[in-house]
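Report on one structure; see the data block that follows.
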């Protein structure tokens, strides 16, 4: 089995590549999805978040109000660290469980861990190899404006809140250009998947 850490910058095409790899037979574990699951109402992480940040971060249905919580943690680095300390270990445990399950089902599995903070959180150290999906800044800005309805200034701020893509590129074992035409992207992703299956 091979465990691949997949990341990129915001709006570089990471999700598209993850979907393609899944279609080719890879097991894709989505960190964002796991993070949502561990904070569902009543779960230990949810209780800890409410105890730390107060009931003001909840919606009327007791789910977390991500917008409110996001506004708090982006303004206060210490509070962001507190939130990460609550969520990250639980997400890591769940990722480990799903990886072991994938290996039991298929000892030659290619497991893709799709995670935005791969390098920032040191998760790359737990991976067998790493893959970064790239795009130039103007493409990222255009996609964020179209997809998220952001202004140019908001899009740039969102891009700058992440580790620079140039650093991620230097740290990556494999790169995929997320600005390619879909047919070319599919070709590049197919080639990469074949390489990964040889490593598993």
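Residue numbers (this note's numbering): 10 to 209.
For glycine and all other residues, C-beta sits at the position ideal for the given N, C-alpha and C.
ask   = Based on the DSSP secondary-structure assignment, which residues constitute the bridge partners of residue 141?
value = 16 and 184
key: Simplified DSSP assignment, three categories, for residue 48   = coil
query = What is the residue span of the beta strand (DSSP E) that residue 38 lies within?
reply = 36-39
ask   = Between residue 116 and residue 109, what straight-line distance do the alpha-carbon atoms span, to the nearest angstrom?
value = 10 angstroms
ask   = residue 153 bridges to which residues according to DSSP?
value = Bridge partners of residue 153: none, in fact.
query = Quick one, which of 72, 82, 12 and 93 has its alpha-carbon nearest residue 130's?
reply = 93
query = Using DSSP with H/G/I as helix, E/B as strand and the rest coil, what is residue 172?
reply = coil
message = Please return the same chain residues whose Cβ sits closer than 6 angstroms to the Cβ of residue 31, not counting the five positions on each side in sequence.
response = 37
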